[in-house]
Amino acid sequence: MNPYKCWAALGLLGLLPLVVSAKPIAFAKGKTVMFEYGAGTMNEVQVFYAPRYWYSIGGGWLQLQSEDGAKQRHITYLRGNLLAKRWNLPAAQANVFVWGGLGTATGNDFAGSTLARNIGFQADYETRRVYSSFRSDLQESDHFSHRIDTLQLGWAPYKHDYNTLATWFVVQGRRYTGDLFEGTETALLVRFFKGNTWVEVGATTDGKLQAMAMFNF
Amino acid sequence: MRFLKTIFFSLLFGASSLASAKTIEMDVNGLVCAFCAQGIEKTLKTFPATQAVFVSLEDRVVAVQLKEGADIDDATLRKAITDAGYTVVAIRRTDASLDEIRKRVSDHD
Chain A
112 MNPYKCWAAL GLLGLLPLVV SAKPIAFAKG KTVMFEYGAG TMNEVQVFYA
162 PRYWYSIGGG WLQLQSEDGA KQRHITYLRG NLLAKRWNLP AAQANVFVWG
212 GLGTATGNDF AGSTLARNIG FQADYETRRV YSSFRSDLQE SDHFSHRIDT
262 LQLGWAPYKH DYNTLATWFV VQGRRYTGDL FEGTETALLV RFFKGNTWVE
312 VGATTDGKLQ AMAMFNF
Chain B
40 MRFLKTIFFS LLFGASSLAS AKTIEMDVNG LVCAFCAQGI EKTLKTFPAT
90 QAVFVSLEDR VVAVQLKEGA DIDDATLRKA ITDAGYTVVA IRRTDASLDE
140 IRKRVSDHD
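Protein sequence lines, in the order shown, are assigned to chains A and B.
Going by my numbering, the first sequence opens with residue 112, and the numbers climb by one from there.
Going by my numbering, the second sequence opens with residue 40, and the numbers climb by one from there.
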């Protein structure tokens with residue numbers, strides 16, 4: 112999922128490469144816990160609960176820093192995710208998610224803490240062999256403003272089934288605007304999931320590690 | 040009179056077939072991700088009448104094996120699948136066991 116983010120403050124969330132691919136809502140009455148390490152510039156923990164299949168609520172903690180380490184931010188947030196529209200097709204599913212959140216952010220380039228605000232959306236389409244998603248996050252406070260647009264294209268070498276391991280290869284393009292990162296980043300990821308566990312590892316084209324683990328229960 | 044007898048025995052046969060059904064099979068749209076479909080299994084397992092649940096992404100089928108003499112009505116099943124975020128296309132009752140359905144699915148994979 113991508114989880115995240117919204118409410119929170121976020122900001123910066125967008126920086127998370129991995130999360131993006133997942134859906135921010137697992138299933139009705141389901142809980143989701145996610146841990147992510149993103150290329151040395153972010154760490155995040157999230158917990159969400161979905162009372163219904165079309166919305167989830169939760170919170171998280173996010174640490175971000177610029178590539179040179181000069182700027183750091185810590186954001187603690189609450190966020191709500193809404194499945195705005197779903198298309199259930201015979202061999203495919205498409206979704207539109209929106210989210211929003213509020214939180215508090217601290218940083219080493221401004222004093223004290225500040226209210227952080229976040230809104231975003233994700234549109235995705237997937238079969239058991241192909242995956243595509245586009246996600247946009249806007250994160251703002253009185254001290255920073257970021258928008259992160261992420262496109263993911265995935266391919267599965269075989270069709271997994273309910274009780275078998277799913278394997279996906281994902282190419283990700285991400286454009287950052289804002290004062291923490293600027294520019295476009297490309298990453299290659301391999302994703303596995305089975306049962307209630309989802310693991311994703313990969314690297315950016317400049318060799319930086321990205322990893323994420325997510326559990327639904 | 041013959042017509043009424045025919046109707047009567049048809050209903051009787053149908054009812055007894057329903058009562059003896061071991062398994063309910065549902066064709067479901069949107070089943071593309073095992074990670075996301077967990078909610079279906081989780082929900083169906085909470086029903087007292089459920090013995091076991093089988094989900095096949097390949098066949099887009101969700102099957103519920105019923106406990107002896109138990110049943111779950113169609114409206115309840117449709118609501119369960121819909122509330123999990125998926126779309127029910129058809130519901131069938133069968134005497135096939137869950138293992139037989141599992142074998143049928145694996146045979147044409």
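Backbone N, C-alpha and C define an ideal beta-carbon position, used for all residues, glycine too.
(request) Could you name the residues of the region 259-283 of chain A whose beta carbon sits closer than 9 angstroms to any beta carbon of chain B, in the order they occur along the chain? (result) Lys-270, His-271, Asp-272, Tyr-273, Asn-274, Thr-275, Ala-277
(request) Please report how far the alpha carbon of Ser-132/A lies from the alpha carbon of Gly-108/B, in whole angstroms. (result) Confidence in Ser-132/A is poor, its pLDDT being 49 and thus under 50, which makes the residue's placement unreliable; the coordinate value appears in the next sentence. Annotation: Ser-132/A to Gly-108/B spans about 44 angstroms, alpha carbon to alpha carbon.
(request) Consult DSSP for Val-281/A and reduce its assignment to one of helix, strand or coil. (result) strand
(request) With hydrogens ignored, establish whether the beta-carbon of Arg-197/A is closer than 8 angstroms to any heavy atom of the ligand FAD. (result) Absence of the ligand FAD is noted for the structure shown, with no ligands found whatsoever.
(request) Can you say whether Ala-123/B is buried or exposed, counting buried as having 16 or more other CB atoms within 10 angstroms of its CB? (result) buried
(request) At 4 residues or longer, and completely inside the region 52-132 of chain B: list those alpha helix (DSSP H) runs for me, N to C. (result) 73-83, 113-122
(message) Against chain A, does Asp-122/B count as a neighbour if the rule is that its beta carbon must be under 9 angstroms from one of theirs?
(response) Chain A has a Cβ within less than 9 angstroms of the Cβ of Asp-122/B.
(message) For Val-71/B and Ser-95/B, what's the separation of their Cα atoms in angstroms?
(response) About 10 angstroms.
(request) Would you kindly work out how many angstroms separate the C-alpha atoms of Phe-221/A and Gln-183/A, rounded to a whole number? (result) 10 angstroms
(message) For Gly-171/A and Tyr-188/A, which I take to be in contact (beta-carbon distance under 8 angstroms), what is that distance rounded to the nearest angstrom?
(response) 6 angstroms
(message) Tell me which residues share the same chain as Ala-150/A and place their Cβ nearer than 6 angstroms to its Cβ, disregarding the 5 neighbours each side in the sequence.
(response) Thr-315, Lys-319, Gln-321
(request) Give me the Cα-Cα distance between Asp-138/B and Ser-224/A, rounded to the nearest whole angstrom. (result) 59 angstroms
(request) List the DSSP bridge partners of Leu-194/A. (result) Phe-208/A
(request) Give a yes or no on whether 9 angstroms exceeds the smallest Cβ distance from Ile-79/B to chain A. (result) Judged by the 9 angstroms Cβ criterion, Ile-79/B is in contact with chain A.
(request) Would you grab the beta carbon distance between Ala-277/A and Lys-305/A for me? Rounded to a whole angstrom, and I think it's under 8 angstroms. (result) 7 angstroms
(message) Let's see if you can read the secondary structure: which residues bound the alpha helix (DSSP H) around Ile-140/B?
(response) 137-146
(request) Starting from Leu-320/A, follow its DSSP beta bridges and name the residues at the other end. (result) Ala-314/A
(message) Could you check whether the Cβ of Phe-74/B sits closer than 9 angstroms to any Cβ belonging to chain A?
(response) With 9 angstroms as the cut-off, Phe-74/B counts as an interface residue toward chain A.
(request) Give, in chain order, every residue of the region 84-112 of chain B whose Cβ lies closer than 7 angstroms to some Cβ of chain A. (result) Val-94, Ser-95, Leu-96, Glu-97, Arg-99
(message) I want to know whether the region 232-246 of chain A touches the region 198-208 of chain A - three or more CB-CB distances under 8 angstroms.
(response) These segments touch.
(message) Taking only three categories from DSSP, how would you classify Ser-132/A?
(response) In this prediction, Ser-132/A scores a pLDDT of 49, lower than 50, which makes its location untrustworthy; the coordinate-derived value is nonetheless stated afterwards. Here Ser-132/A sits in helix by DSSP.
(request) Using a Cβ-Cβ cut-off of less than 7 angstroms, list which residues of the region 230-246 of chain A approach chain B; keep chain order. (result) Glu-237, Thr-238, Arg-239
(request) Evaluate Ser-145/B with the Cβ neighbour count: other Cβ atoms within 10 Å of its Cβ, from every protein chain shown; 16 or more gives buried, anything less gives exposed. (result) Exposed is the call here.
(request) Identify the contact partners of Thr-82/B in chain A, using a Cβ-Cβ distance below 9 angstroms as the criterion. (result) Phe-138, Ala-139, Lys-140
(request) Hey, could you find the ends of the beta strand (DSSP E) His-70/A is sitting in? (result) Here chain A comprises residues numbered 112 to 328, so residue 70/A is not present and cannot be evaluated.
(message) For Thr-115/B, would you say it is in contact with chain A, using Cβ-to-Cβ distances shorter than 9 angstroms as the test?
(response) Not one chain A Cβ lies under 9 angstroms of Thr-115/B.
(message) Would Leu-105/B and Lys-61/B qualify as a contact pair, given that the criterion is a beta-carbon distance under 9 angstroms?
(response) In contact: Leu-105/B and Lys-61/B (Cβ atoms closer than 9 angstroms).
(message) Less than 6 angstroms between C-beta atoms, sequence neighbours within five positions excluded: which residues of the same chain meet that for Gly-78/B?
(response) Ala-123
(message) Closest to Arg-302/A by C-alpha separation, out of Gly-313/A, Gly-141/A, Gly-294/A, would be which residue?
(response) Gly-313/A
(message) Going by DSSP in three states, Ser-49/B sits in which element: helix, strand or coil?
(response) Confidence at Ser-49/B is low in this model, with a pLDDT of 44, below 50, so its placement is unreliable and no value can be given for it.
(request) Could you say which of Val-127/B, Thr-89/B, Ala-102/B, Val-128/B lies nearest to Lys-142/B if we only look at CA atoms? (result) Ala-102/B
(request) Classify Ala-129/B as buried or exposed, calling it buried when 16 or more other Cβ atoms lie within 10 Å of its own Cβ. (result) exposed
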